[in-house]
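Participant: Keeping their order, the protein sequence lines are chains A and B. Per this note's numbering, the first sequence starts with residue 1, numbered consecutively. Per this note's numbering, the second sequence starts with residue 1001, numbered consecutively. Glycine is no exception: its CB is placed at the ideal position from the N, C-alpha and C atoms.
2 protein chains.
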Amino acid sequence: MAKFAIMGFGTVGGGVAEVLRLNGGAIAEKLGEPLSLQYILDLRDLSETPYADKAVKDFSILENDPELELVVEAIGGAKAALEFTRRALLAGKHVVTSNKELVAAHGRELLAIAREKNVSYLFEASVGGGIPVLRPLSQCLSGNRVQEIVGILNGTTNYILTRMVQDGVSFDEALREAQAKGYAEQNPAADVEGLDACRKICILSDLAWGGEVRPEAVHTQGITAIDLRDVAIASGAGYRIKLLGRALALPDGRLAAYVAPHLVPLSCPVAGVDDVFNAIMIRGNAVGDVMFYGRGAGDLPTASAVMGDIIDALQHRGSPRKLGWDRDAALVDFDTELPLYWYLRGDFTPPPGSQILSDGAVIVGPVSHREAKALVQRFAAQVMLPVLR
Amino acid sequence: MAKFAIMGFGTVGGGVAEVLRLNGGAIAEKLGEPLSLQYILDLRDLSETPYADKAVKDFSILENDPELELVVEAIGGAKAALEFTRRALLAGKHVVTSNKELVAAHGRELLAIAREKNVSYLFEASVGGGIPVLRPLSQCLSGNRVQEIVGILNGTTNYILTRMVQDGVSFDEALREAQAKGYAEQNPAADVEGLDACRKICILSDLAWGGEVRPEAVHTQGITAIDLRDVAIASGAGYRIKLLGRALALPDGRLAAYVAPHLVPLSCPVAGVDDVFNAIMIRGNAVGDVMFYGRGAGDLPTASAVMGDIIDALQHRGSPRKLGWDRDAALVDFDTELPLYWYLRGDFTPPPGSQILSDGAVIVGPVSHREAKALVQRFAAQVMLPVLR
């Protein structure tokens, strides 16, 4: 019997308990032993739930139970989650999480502790929800030099943009809908300002190239300024506007990483990924382009990834997978060192050599972010978005 | 230093050597030791290649080298490949392959030997070429009950169908083009008659449900009878014709598996997968639908998957991943027990209740294959294809 605990009984934590209830028999068959949920750590009152007998409020009960092998951290944030993850690993317990904020900010330290204690710290669910992407990247594609990662990493903003593109709904209205459907938080800043996507592209980069990319070093632009006019112009020219996280290995060995709404040509498979779906494209020097697609959020999809990690950790007791990034990544300066194509719109004379779209919109490039900003000022353009090529 | 050999120096074997040449430094970093290609077993004369000093013609040299840890089987077929794989595993060597024919027909026996000898027998490259799909299925999605697998599993036939759909080229002409481009063999039967896709859906089913599905038990229909009229009618009605391998878990616990050209609605992400690309959709009861997309063949993409398996096998020496199927799958009778929707075309009076398309084509269902064949006879229809819903 393998014993585990869930910390934080919200959407993800509840989903993990539900997946165990649904699929416990099949999971036990794969593990060769039953998987038993011993504790649920939550400050809320769980006495009216089916899990009343498992509820505890004191982390030290988990920490001090020598039979408890694994803890699911579904608290979120980087305060209690950080402290309890650290202490659980130090107590020799495997930890599985979907907490991208914690992994992006403190994964390096936590993975080092896990290595030292010979346990697993796994976080497949932190990127792409239920979509398998981190394990394929770090295992199946390990014979490649990764050249680029680009993806729709946030389901909430993809839902909002899909509503704007397909139905001409304004950003504000689409956001209200997303909140009503439970896709967006009441405070949607982390989603619509791109921070959630930023954390995910950091984790992907950390794993792909083995150097830490810190979220605060990543140029991050959200979708709050996207206007229906740009949506219409882009559609007319054969593009979709998508919020992308993107990371590239440059020929000199340095990395570029940024988050921004892009014009994506319809010929790119990512352009057709709508609603709350996510898709992550990885380019390797041997495999070419591979894409992973599915629901990037939700209780059961996220719990699916957590459960896959739980099974993996318990199947590899004593020989945990080697994961980690133990140096700083060398990043280029996004502002000056990464030439891109840019969509500009405004009531202006187009810069020479630009590709003319419609309604005062053009595509220029390749030029750096700083040069594009200079063009915006010089020609009095109003909007500026990178274009995926 | 980890020492390995390649058996069979054709497209895949040559690709593995090339990936090692390209990425050997990065691979050594992941392994913590250099990966050294010791032998290439091939009956051809390799004296004019850069690998002349590694060429051997006698398998027993590999078998009897106690320092040789791993063998890549890239011979193909199920004769010498079977014998050498068996002997390599019995000699305690890990074996990695892309040989779907061998895995589909003899995987059960070979995995049992591997388990007994505590070595790995890995075959990620046998399905989807470079696309990570078997490891995500057996690891990341292991917390799910898999409900359905459906995919474009053969790049050659997808290229042919894409040319027919997009450019109105006939089957015969598209096949000649595919041969000229090196996508199709001079004897294209295994591709165009669906056998290659059949072997792949068997391997996916074996892993997803743990029971062996034998290729000869799977209803398999190829694309040789696809007519440009059906392509045009399908396009006009919002469908693409795609050769799909499909496997379903039915409520009574039995499986259905078959291969056939389907009408796929454009709303399904698989419909937009063109040219030589493959895509595999997996539906789990927790994760919902996830899709894996990329190049399903080619020397470097396939070698990428082989190299991922090599690294995995060597990283888990002594604790190989538990894989296998050690019972027969319970299959429904495709002819009578699997109700589907069917596209029928002919110069006939449509059956009552059918959905009328154009040019004498209708969609009927859900009815069994046998009932659909009876409708074909009764109404003198000429063409009959399943429709994906």
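1) Classify L393 of chain A as helix, strand or coil using the three-state DSSP reduction.
2) How would you write the range of the beta strand (DSSP E) that E1069 of chain B sits in, first residue to last?
3) Give me the chain B residues within the contact set of D328 of chain A, using Cβ-Cβ distance strictly less than 8 angstroms, ordered along the chain.
4) Run down chain A in chain order and give the residues with a C-beta less than 7 angstroms from the C-beta of I1131 of chain B.
5) Around the C-beta of R327 of chain A, are 16 or more other C-beta atoms found within 10 angstroms, so that it is buried, or is it exposed?
6) Can you find at least 3 beta carbon pairs, one from the segment 62 to 78 of chain A and one from the segment 309 to 323 of chain A, that sit closer than 8 angstroms?
7) Taking buried to mean at least 16 other C-beta atoms within 10 Å of its own C-beta, is A81 of chain A buried or exposed?
8) Considering Y1159 of chain B, what are the terminal residues of the alpha helix (DSSP H) in which it resides?
9) To the nearest angstrom, how far is the alpha carbon of E1067 of chain B from that of I1282 of chain B?
10) For D359 of chain A, name the three-state secondary structure that DSSP assigns.
11) Going by Cα to Cα distance, which pick from A:D359, A:P351, A:A380 and A:A361 is closest to V367 of chain A?
12) Are the beta-carbon atoms of E124 of chain A and L134 of chain A separated by less than 8 angstroms?
13) What runs of the beta strand (DSSP E), each 3 residues or longer, lie entirely inside the segment 243 to 277 of chain A?
14) Looking at the structure shown, is P1386 of chain B part of a helix, part of a strand, or coil, going by DSSP?
15) Chain A partners of C1140 of chain B, CB-CB under 9 angstroms?
16) What does N1154 of chain B touch in chain A if you count any residue whose Cβ is under 7 angstroms from its own?
17) Alpha carbon to alpha carbon, how far is V1146 of chain B from V1019 of chain B? Give it in angstroms, no decimals.
18) Within the continuous beta strand (DSSP E) that includes G236 of chain A, where are the two ends?
19) What are the residues that DSSP puts in a beta bridge with M291 of chain A?
20) Starting from F334 of chain A, follow the alpha helix (DSSP H) in both directions and report where the run begins and ends.
21) Tell me whether P261 of chain A is buried or exposed, calling it buried when 16 or more other Cβ atoms sit within 10 Å of its Cβ.
22) If you compare alpha carbons, which of B:R1163, B:R1199, B:T1156 and B:D1167 is closest to Q1186 of chain B?
23) Entirely within the segment 1037 to 1118 of chain B and at least 3 residues each: give me those beta strand (DSSP E) ranges in chain order.
24) Give the residues from the segment 1015 to 1042 of chain B that approach chain A closer than 7 angstroms (Cβ to any Cβ), ordered along the chain.
25) Check this for me: beta carbons of L344 of chain A and A381 of chain A, under 8 angstroms apart or not?
26) DSSP three-state call for D1196 of chain B: helix, strand or coil?
27) Just to confirm my understanding: we take A1305 of chain B, look at its own chain, exclude 5 residues before and 5 after, and list those with CB closer than 6 angstroms. What are they?
28) In its own chain, which residues sit with a C-beta less than 6 angstroms from the C-beta of H219 of chain A, not counting the 5 before and 5 after it?
29) How far does the beta strand (DSSP E) with K373 of chain A in it extend, from its first residue to its last?
30) Using a C-beta cutoff of 8 angstroms, does Q1315 of chain B count as contacting chain A?
31) For a quick check, are the C-beta atoms of G1151 of chain B and L1244 of chain B less than 8 angstroms apart?
32) Could you list which residues in chain A have their beta carbon closer than 9 angstroms to that of R1295 of chain B, in chain order?
33) Compute the Euclidean distance between the alpha carbons of G1143 of chain B and N23 of chain A, then round it to the nearest angstrom.
34) By the DSSP assignment, the beta strand (DSSP E) with F4 of chain A in it spans what residues?
35) Where does G1025 of chain B fall in DSSP's three states?
36) Give a yes or no on whether the minimum CB-CB distance between R1145 of chain B and chain A is below 8 angstroms.
Facilitator: For this structure:
1) Given that chain A is displayed from residue 1 to residue 389, the structure contains no residue 393 of chain A and the question cannot be resolved.
2) For the purposes of this step, residue 1069 of chain B is taken as the residue at position 69 of the second sequence. Unbroken beta strand (DSSP E) run through E1069 of chain B: L1068 to E1073.
3) The count along the first sequence starts at 1 and reaches residue 328 of chain A at position 328. Ordered by position in chain B, no residue passes the 8 angstroms Cβ test against D328 of chain A, which lies about 17 angstroms from the chain.
4) For the purposes of this step, residue 1131 of chain B is taken as residue 131 along the second sequence, with counting starting at 1. V290, listed in chain order.
5) Walking along the first sequence from the start, residue 327 of chain A turns up at place 327. Result: exposed.
6) yes
7) To locate residue 81 of chain A, count along the first sequence from 1; it is residue 81. A81 of chain A comes out buried.
8) Position 159 of the second sequence holds residue 1159 of chain B. Note, Y1159 of chain B: alpha helix (DSSP H), G1155 to D1167.
9) Sequence index remark: in the second sequence, residue 1067 of chain B carries index 67 (1-based). Sequence index remark: in the second sequence, residue 1282 of chain B carries index 282 (1-based). Distance between the alpha carbons of E1067 of chain B and I1282 of chain B is about 40 angstroms.
10) Indexing the first sequence from 1 puts residue 359 of chain A at position 359. Here D359 of chain A sits in coil by DSSP.
11) Taking the first sequence and counting its residues from 1, the one referred to as residue 367 of chain A is at position 367. It is A:P351 whose Cα lies nearest to the Cα of V367 of chain A.
12) Stepping through the first sequence from its first residue, residue 124 of chain A is reached at position 124. Stepping through the first sequence from its first residue, residue 134 of chain A is reached at position 134. The answer is yes: Cβ separation under 8 angstroms.
13) 255 to 265
14) Here residue 1386 of chain B is taken as the residue at index 386 of the second sequence, counted from 1. Here P1386 of chain B sits in strand by DSSP.
15) Position 140 of the second sequence holds residue 1140 of chain B. What C1140 of chain B touches in chain A: E124, G130, I131, P132, V133, L134, R135, P136, S304, A305, G308, D309 and D312.
16) Within the second sequence, the letter at position 154 stands for residue 1154 of chain B. Ordered by position in chain A, no residue passes the 7 angstroms Cβ test against N1154 of chain B, which lies about 17 angstroms from the chain.
17) Within the second sequence, residue 1019 of chain B is the residue found at index 19, counting from 1. Within the second sequence, residue 1146 of chain B is the residue found at index 146, counting from 1. Whole-angstrom Cα-Cα distance: 33 angstroms.
18) Your numbering for residue 236 of chain A matches position 236 in the first sequence. No beta strand (DSSP E) contains G236 of chain A, which is instead part of the alpha helix (DSSP H) from L228 to G236.
19) Within the first sequence, the letter at position 291 stands for residue 291 of chain A. In DSSP, M291 of chain A forms a bridge with A:M281 and B:Y1293.
20) For the purposes of this step, residue 334 of chain A is taken as residue 334 along the first sequence, with counting starting at 1. F334 of chain A -> alpha helix (DSSP H) spans F334 to E337.
21) Indexing the first sequence from 1 puts residue 261 of chain A at position 261. Buried, because 16 or more other Cβ atoms sit within 10 Å of the Cβ of P261 of chain A.
22) Locating residue 1186 of chain B in the second sequence gives position 186, where the first residue counts as 1. Nearest option by C-alpha distance: B:T1156.
23) 1068 to 1073 and 1094 to 1097
24) V1019, L1022, N1023, A1026, I1027 and K1030
25) Against the first sequence, residue 344 of chain A aligns to sequence position 344. Against the first sequence, residue 381 of chain A aligns to sequence position 381. Yes, the Cβ-Cβ distance between L344 of chain A and A381 of chain A is below 8 angstroms.
26) For the purposes of this step, residue 1196 of chain B is identified with residue 196 of the second sequence, where counting begins at 1. Here D1196 of chain B sits in helix by DSSP.
27) Counted from its first residue, the second sequence places residue 1305 of chain B at position 305. So the list reads E1124, A1125 and G1130, once near-sequence residues are dropped.
28) For this step, residue 219 of chain A is matched to residue 219 along the first sequence. Excluding positions up to five away in sequence, the list reads Y258 and F334.
29) Reading the first sequence from its first residue, position 373 is the one you call residue 373 of chain A. K373 of chain A -> not in any beta strand (DSSP E); alpha helix (DSSP H) instead, spanning H369 to R378.
30) Indexing the second sequence from 1 puts residue 1315 of chain B at position 315. Yes - at least one Cβ of chain A is within 8 angstroms of the one on Q1315 of chain B.
31) Within the second sequence, residue 1151 of chain B is the residue found at index 151, counting from 1. Within the second sequence, residue 1244 of chain B is the residue found at index 244, counting from 1. Cβ distance < 8 angstroms, so G1151 of chain B and L1244 of chain B count as in contact.
32) The count along the second sequence starts at 1 and reaches residue 1295 of chain B at position 295. Ordered by position in chain A, the residues that pass the 9 angstroms Cβ test against R1295 of chain B are V287, G288, D289 and V290.
33) Counting from one through the second sequence, the residue named residue 1143 of chain B turns up at place 143. Counting from one through the first sequence, the residue named residue 23 of chain A turns up at place 23. So the two alpha carbons sit approximately 7 angstroms from each other.
34) The residue given as residue 4 of chain A occupies position 4 in the first sequence. A2 to M7 is the span of the beta strand (DSSP E), which, as asked, contains F4 of chain A.
35) Reading the second sequence from its first residue, position 25 is the one you call residue 1025 of chain B. It is helical.
36) Residue mapping note: residue 1145 of chain B aligns to position 145 of the second sequence, counting from 1. Yes - at least one Cβ of chain A is within 8 angstroms of the one on R1145 of chain B.
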